[in-house]
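Asks: Provided herewith is a single structure, encoded as structure tokens, for subsequent inquiry.
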Amino acid sequence: MFRRIIILVFVLGLGLSSVAFAGRFDFAIIQPGQPGTTAEAQPVMDELAKYLSAKLGEKVKGVYYNDLNAALDYLGKNKPAWSICGLTFFKTYSAKFSMTPVASTLPQGMAKDIWRLIVPANGSDSPEAVQGTVYGSMLYTPKSLEVLFGGKKGGEFTVEGTHKALRMLRKVNKGKISGVVLDAVQYSVIKDSDRYSGTKVIYTSPELPNSPVVWFGKTTDDAFRLQATLFDMDKDPVAKDLLKLLQTSGFNPADKDLE
350 MFRRIIILVF VLGLGLSSVA FAGRFDFAII QPGQPGTTAE AQPVMDELAK
400 YLSAKLGEKV KGVYYNDLNA ALDYLGKNKP AWSICGLTFF KTYSAKFSMT
450 PVASTLPQGM AKDIWRLIVP ANGSDSPEAV QGTVYGSMLY TPKSLEVLFG
500 GKKGGEFTVE GTHKALRMLR KVNKGKISGV VLDAVQYSVI KDSDRYSGTK
550 VIYTSPELPN SPVVWFGKTT DDAFRLQATL FDMDKDPVAK DLLKLLQTSG
600 FNPADKDLE
């Protein structure tokens, strides 16, 4: 009987250990406001994990969250080694989760991001005069307005996160909502279209860092091994399609504006 109890405790201990300790290079991509679901993004996470496993010689696993509460719940129970996270997520939670930038993404090859506040064409010309609710995929976290206005006082409007920023732009075009904030990639999709003639840009942010790659805790040799692997991806033909799935042209050194 005692032998059975000892075996059961040993097996349970193994199960608990597998939950408590993540692999050396396990990751969580956290992008509140981006389209899709955790389940839909998992195949891309698996492809990235497979690529890194081959390059680093370690078994790697990864998960994806585009829901803020789900991401916070995950990080409260798990400690991945690193993450690619949204800028406002980093600005809001970097201290809480001890995040250290080690690289930056390059969406469409752009080294910097720019956010634009778009309102109905017959609306106010100043952010200070905007009333009601403004939507945006980056407007989930408490510091989003601070990021938008570069730390200066801006509009007094209410903000609300959305996974459907371009759909919200259509509502702006019809005068149904007060405004929407688009990042540089989103704006590039619509800037040459005449479908949004009922809108106007009334504010353009300073240049902002793109989504950073962060290491949880103090940087180690493992952090620099990961960094070197990411820097080499744009030179690796095998990684070409994977980078497209990750929506980046490659990886740059960490943005100095995050230091």
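Our numbering runs 349 ahead of the 1-based position in the sequence shown. We put the CB at the ideal spot given by N, CA and C, even for glycine.
By DSSP, does Leu357 sit in helix, in strand, or in coil?
Replies: Model confidence at Leu357 stands at a pLDDT of 39, short of 50, so the residue's coordinates are unreliable; what they give is reported in the following sentence. DSSP places Leu357 in helix when its eight states are reduced to three.
Asks: What is the rounded straight-line gap between the Cα of Glu477 and the Cα of Val412?
Replies: Each residue's alpha carbon lies about 39 Å from the other.
Asks: Pairing CB atoms from the region 464-473 with CB atoms from the region 544-559, are three or more of them under 8 Å?
Replies: Verdict: yes, contact present.
Asks: Applying the criterion that 16 or more other CB atoms from any shown protein chain within 10 Å of the CB defines a buried residue, is Asn522 buried or exposed?
Replies: When all chains shown are included, Asn522 counts as buried.
Asks: Are Ile551 and Asp474 touching if we call contact CB-CB under 7 Å?
Replies: Going by C-beta atoms, Ile551 is nearer than 7 Å to Asp474.
Asks: How many Å lie between Thr490 and Phe438 at the Cα?
Replies: Rounded to the nearest angstrom, the two C-alpha atoms are 6 Å apart.
Asks: Taking only the alpha-carbon atoms, compute the straight-line gap between Phe359 and Gly425 and give it to the nearest angstrom.
Replies: For Phe359, the pLDDT reaches just 37, beneath the cut-off of 50, and the residue's location in the model is therefore unreliable, leaving the point undetermined.
Asks: Could you please give me the residues that DSSP links to Lys549 through a beta bridge?
Replies: Answer is Val468, bridged to Lys549.
Asks: Under the three-state reduction of DSSP, which class applies to Ala444: helix, strand or coil?
Replies: Ala444: coil per DSSP, three-state reduction.
Asks: Measure the beta-carbon distance from Gln596 to Pro384 and round it to whole angstroms, keeping in mind my assumption that it falls under 8 Å.
Replies: Going by Cβ atoms, the distance from Gln596 to Pro384 rounds to 11 Å, so no, they are not a contact pair.
Asks: In three-state DSSP terms, what is Leu488?
Replies: Leu488 falls in the coil class under three-state DSSP.
Asks: In three-state terms, what does DSSP make of Gly435?
Replies: If DSSP states are grouped into helix, strand and coil, Gly435 belongs with coil.
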